[in-house]
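Numbering (the working numbering), first residue to last: 12 to 171.
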């Protein structure tokens, strides 16, 4: 059937996130398809999909190296995503569904393990928010990413 606009948007976000950390020249003329099914989540399925998609891509590329299709894994660094919101003036990290629904401002932040920004999506359903809060959101997201990158490393070790 036809893919919904929401699904297309999520596909593009995941694709942008993975391409940003992949050496496309080293990958060569190859297409990698990654199917992201978030089985259980209490909140941000987009962010969970990006974080898990990196693990899947790394695993697939490791297999290509093992099978001598590639000489090295063409990934520049890990990438992950996390949600941050502002609810009643308080910053919240990794929003659950209820927090996301109630938040005055919510963001999805995609970062590399080296601290590089890949994408920031943020919006308010209420009053405009001051610019300094964007810096606060990004700082909190960066701190939260440390756990996600650790989970990715642990998952990669479990695969080998």
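Glycine residues also receive a C-beta, built at the ideal position from the N, C-alpha and C atoms.
CA-to-CA distance, residue j to residue i, given in whole angstroms
{"i": "residue 168", "j": "residue 138", "result": "45 Å"}
{"i": "residue 81", "j": "residue 38", "result": "8 Å"}
{"i": "residue 92", "j": "residue 76", "result": "26 Å"}
{"i": "residue 144", "j": "residue 152", "result": "12 Å"}
{"i": "residue 94", "j": "residue 141", "result": "18 Å"}
Classification of residue i by the beta-carbon crowding that lies within 10 angstroms, buried from 16 upward
{"i": "residue 118", "result": "buried"}
{"i": "residue 108", "result": "exposed"}
{"i": "residue 58", "result": "buried"}
{"i": "residue 175", "result": "Because residue 175 is not part of the residues shown, which for the chain are 12 to 171, the question remains open."}
{"i": "residue 62", "result": "buried"}
{"i": "residue 50", "result": "exposed"}
Residues that DSSP places opposite residue i in a beta bridge
{"i": "residue 119", "result": "94 and 132"}
{"i": "residue 33", "result": "86"}
Bounding residues of the beta strand (DSSP E) (the contiguous stretch that carries residue i)
{"i": "residue 183", "result": "Nothing in the structure corresponds to residue 183, since the chain is present only between 12 and 171."}
Terminal residues of the alpha helix (DSSP H) in which residue i lies
{"i": "residue 69", "result": "56-77"}
{"i": "residue 110", "result": "108-113"}
Distance between beta carbons of residue j and residue i, contact taken as under 8 Å
{"i": "residue 28", "j": "residue 130", "result": "7 Å"}
{"i": "residue 90", "j": "residue 65", "result": "5 Å"}
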